[in-house]
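Under our numbering, the first residue of the sequence shown is numbered 17, with each subsequent residue one higher.
Backbone N, C-alpha and C define an ideal beta-carbon position, used for all residues, glycine too.
Here's the structure we're looking at; comments come further down.
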Amino acid sequence: MIELAWLIPVFPVIGVLINGLFGRHVGEKAGPIASVMAGLSLLVVLGIASQMIFGAGGSHTVPLWTWVEAGSFSASMSFLIDPLSTIMLLVVAGVGFLVHVYAVGYMHGDPGYPRFFTYLNLFMLSMFLLVLGDNYLVMFVGWEGVGLCSYLLIGFWYEKQSASDAGKKAFIVNRIGDAGFLLGMFLIWTLTGSLTYTEVFQAAPEMSAAMASAVGLLLFVGAVGKSAQIPLYVWLPDAMEGPTPVSALIHAATMVTAGVYMVARTSPIYVMGPDAMSVIAIVGALTGLFAASIGLVQNDIKRVLAYSTVSQLGFMFMALGVGAFAAGIFHLMTHAFFKGLLFLGSGSVIHALHHAPEDQQQDMRYMGGLKDKMPVTYWTFLIGAVAIAGVPPLAGFWSKDEILANAFFTGHYTVWIMGTVAAFMTAFYMFRLIFMTFHGEMRVDHHAREHIHESPATMTVPLIILAVLSVIGGVIPGFPPEAGWIHRFLAPSLAKVPAGGHATDQGVHLMNAAAGGGHSGPAVVLLIILAIAVAVGGIALAWHMYVRDTEAPNRLYERFRGLYRLLLEKYYIDEIYQACIVEPTYKLMRGLWTFDAKVVDGAVNGSSLITVISSRFSGIFDLRTVDGAVNGTASFIRFFSQVFKYLQSGMVQNYLFVMLLGIFVMLSAYLFR
C-alpha cells in the first residue's frame with residue numbers, strides 16, 4: 017500500500033481540474049465531487065497508516081521523478097512515509113474529509129460554490145505535498161501552496177473589504193516568515209550539500225551548536241509566520257473573515273500546524289542547537305499566555321476560537337522547545353479534533369443565525385439560549401470545550417498536560433508557570449463562550465429567532481465524529497509518555513541523532529527528560545491534580561460570572577476598565593504595527609513613487625524633451641544651413657553655367673565676334689587710360 021502514496025495528492029488534483037475547469041457546468045455537484053476526492057485520499061491514507069502502525073513501520077521513500085538537477089544540486093519529487101508523516105496524513109486527510117462534507121451543507125447556495133471547493137481541494141493537494149515530501153524543497157512548495165490557498169479562501173468573499181484586507185494581510189505576514197524558511201534552506205544546503213532529510217540529518221551531528229542554532233532559528237522564523245506565533249500572529253484572528261469551514265480546516269487543524277510539523281521534522285538539527293530550542297520554548301510560552309489573555313474578553317465567537325488557536329499553537333511550540341517532540345505532535349493531533357469541532361460548531365451557530373443582522377451573527381452578546389434549539393451542536397460543542405479545557409479523560413487533558421509535565425521535569429519552570437496560567441484562561445474563556453452562546457436568555461433579533469434550527473446532517477455528522485475523536489483521541493496514546501504507543505511509534509522520526517554524532521549535553525538532556533526519564537510517582541500525581549484543578553477552576557469561574565452572577569462582568573469592567581480595554585483592543589498590537597511598520601512603509605513607498613515620478617521620470621522625460629528640441633533644431637540647421645549651403649552652391653554654379661553655356665555655342669562667327677569685342681575693349685582701355 018505504501019507504494020501507492022502517490023495517489024494521495026492525485027485525487028485532489030482531479031477535483032481541482034473538474035471543479036476549476038467545469039465549475040459552471042457541475043454547479044452544486046462541485047461539493048460532492050471535491051468531497052469524494054478527499055474521501056479517496058483518506059482511504060489511501062488509512063491503508064498506509066494501518067500498514068505502518070500494525071505492520072511495516074520504519075521509514076519508506078517513494079521516488080517519483082528527478083525534479084531539479086543543476087551542477088552539484090539535485091532535488092527529486094519523492095515522498096517519505098514514516099511515523100511522523102503518517103500521523104500528519106491522518107490528521108490532514110481525516111479532518112479535511114469531514115470539513116469537505118460539512119462545507120457541502122454550509123456553503124449551499126453560495127454563488128462561489130464551485131470556486132470554493134476548487135480552492136479546498138487545492139489546499140488538500142498542497143498540504144499533502146508539504147507533509148509527504150522527503151526534502152525541504154518539496155516541503156517548501158507545499159508550504160507556499162497552502163499559503164496561497166489561505167489567501168484565496170480568507171478573501172473568498174472578496175466583495176467585502178474586510179475579507180480582502182484580511183487575505184492580503186495573511187499573505188504579506190506569511191511572506192516575512194517564508195523569507196526565514198528560505199534562508200534556512202540555503203544555510204542547510206551550504207552546510208550539508210543537500211536538502212533531502214536523510215542526508216541532512218546524517219550530517220547534522222557534524223554541525224556546531226552555533227550553526228545548528230542558526231539553521232533552527234531561521235527555520236523557526238518560517239514556523240512563526242505560518243503557525244501564528246509572536247510577533248507574526250496578527251494575521252490569524254483576521255483570517256476569520258473567511259468561510260467557517262476554512263477556519264476549521266486551514267486555520268485550526270492543518271495549515272497553522274505546518275510550522276510545528278516542520279520543527280518536529282527538523283528535530284535532529286534542533287537537538288544540536290539548544291539555544292534555538294530555548295527560543296522556541298520561550299516564544300511558545302509567551303504566545304500561549306498572550307493569546308489566551310486576549311481571548312478572555314473577545315465577543316466574536318470565531319475570534320475567541322482564533323486566539324485560542326494561537327494559544328494552543330504556543331503550547332505545541334512549548335513542547336518542541338523543551339524537547340518533548342512527541343508530546344507536541346500528540347497535542348497537534350488532539351487539537352485538530354477538538355478545535356476543528358469547535359470551529360465547525362461555531363459555523364453551525366452562525367448558519368442558524370443567518371437571518372439575524374450581519375453584526376449579530378457572530379457576536380456572542382446577541383446569542384444565548386441556543387442549546388434547546390440546537391441540541392446536537394450544543395452537546396458536541398460542549399465536548400470540544402471540555403476537551404480543550406483539559407478535563408480528563410478527554411483528549412486535551414492528556415496532550416496539553418503532558419506538555420506542562422515535560423516543561424516542569426526539564427526544569428523550564430517559567431514556561432510551566434506561563435503554560436499553567438494559560439491553561440486556566442483557556443478553561444475560563446471557552447466556558448464563557450459556552451454560557452454566553454448556549455445558556456441564558458435568547459438575545460438575538462426577534463425575526464431571527466423564528467428561523468433558528470439545527471443544522472442539516474451534512475453538518476452535524478462531522479460534528480459527532482469529531483466529538484467522538486475528542487473523547488477518545490487522548491486515551492489511545494495514554495499518559496505518561498512512556499505508557500503510550502504513539503510516543504514509541506513516533507520515536508524513529510523524532511530527534512534521531514545518527515551514530516557517531518556529538519549531540520550537545522543540553523540537547524540530550526532535553527530528549528531524555530521529555531521521553532520520560534523516570535519522572536513518575538508523587539510529582540506526576542501532583543501535576544495531574546493541579547491540572548484538573550486549573551481546568552475546573554476556570555470552568556467554575558466562568559459559571560459564576562456568566563450564569564450565577566451575571567452582573568459580575570459589569571462590576572469587573574467598571575473596576576478594571578483600562579485592563580479590559582487593553583485586552584479588548586488586543587494590546588493595541590495591530591495599531592502599533594500600523595503606526596510603526598505599515599504607515600512608515602506606505603510613506604516610504606509613496607516617497608519612492610514620488611521620487612520615481614518626479615525625479616527619475618522627470619529626468620528621463622526632461623532629457624527626452626531636450627533631445628526632441630535639439631533634434632528639431634538640428635533638423636532645421638541641417639535643412640537651412642547645411643543643405644542650404646550645399647544646394648546654394650549647386651544653384652550658383654547652375655546659374656553661371658546657364659550664363660556661360662552660351663559662350664560655347666559652336667558657331668565660329670560668334671567666337672570671332674567675341675574675340676573682336678575683346679580686342680576692342682582692350683584697345684579702348686589702353687587708349688583711354
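Here's the rule I'm using: 16 or more other beta-carbon atoms within 10 Å means buried, otherwise exposed. How should A650 be labelled?
exposed
Could you pull out every residue in the same chain whose Cβ sits closer than 7 angstroms to the Cβ of H116, ignoring the five residues on either side in sequence?
A50, S51, A54 and L136
Mapping DSSP to helix, strand and coil, what is L211?
coil
Considering only the alpha carbon of each residue, which of G363, Q177 and L543 lies closest to A423?
L543
Identity of the residue in A244, F89 and G330 nearest S210 by Cα:
F89
Could you give the C-beta distance for L106 and P25, rounded to a whole number, given that I count them as a contact under 8 angstroms?
At roughly 16 angstroms, the Cβ-Cβ gap does not stay under 8 angstroms, so L106 and P25 are not in contact.
Which class does W81 belong to by DSSP, given the choice of helix, strand or coil?
strand
Closest by CA to L312, which one among E585, V540, Y277 and V32?
E585
Is the region 470-485 touching the region 353-363, taking contact as three or more C-beta pairs under 8 angstroms?
yes
Closest by C-alpha distance to K387, when choosing among G330, M332 and L449
L449
Would you identify the three-state DSSP class for G63, choosing helix, strand or coil?
helix
Segment contact flag, the region 117-127 with the region 69-85, C-beta cutoff 8 angstroms, min 3 pairs:
no
Out of G87, L114, L62 and S623, state which residue places its alpha-carbon closest to the alpha-carbon of S101.
L62
So the candidates are G87, M271, T350 and L138; which of them puts its Cα closest to the Cα of A401?
T350
Whole-angstrom C-beta distance between V147 and Y249, which should lie under 8 angstroms
Contact flag wrong, Cβ pair sits at about 23 angstroms.
Nearest-angstrom beta carbon gap, T270 and V112 [assumed within contact, 8 angstroms]
Looking at the sequence itself, residue 112 is Gly, so the reference to Val does not match. About 7 angstroms separates the two Cβ atoms, so the contact holds.
Spatially closest choice to I502 from V540, W414 and E567, by CA coordinates:
W414
Count the other CB atoms within 10 Å of the CB of H462; is the residue buried (16 or more) or exposed (fewer)?
exposed
Please report how far the alpha carbon of R689 lies from the alpha carbon of I679, in whole angstroms.
15 angstroms
Nearest-angstrom Cα separation, counted from D194 out to D612:
29 angstroms
Between D150 and F95, how many whole angstroms is the CB-CB distance? I'm expecting something under 8 angstroms.
6 angstroms
Whole angstroms is fine: what's the gap from S92's alpha carbon to W22's?
14 angstroms
DSSP state of I30 mapped onto helix, strand, coil:
helix
Taking 8 angstroms as the cut-off, decide whether the C-beta atoms of A280 and F217 are in contact.
no
Quick check on the burial criterion: 16 or more other C-beta atoms within 10 angstroms. Buried or exposed for K603?
exposed
Where A556 and F27 are concerned, what is the direct C-alpha to C-alpha distance, given to the nearest angstrom?
47 angstroms
Return helix, strand or coil for N190, following the three-state DSSP convention.
helix
Counted within 10 angstroms of its Cβ, other Cβ atoms place M667 as buried (16 or more) or exposed
exposed
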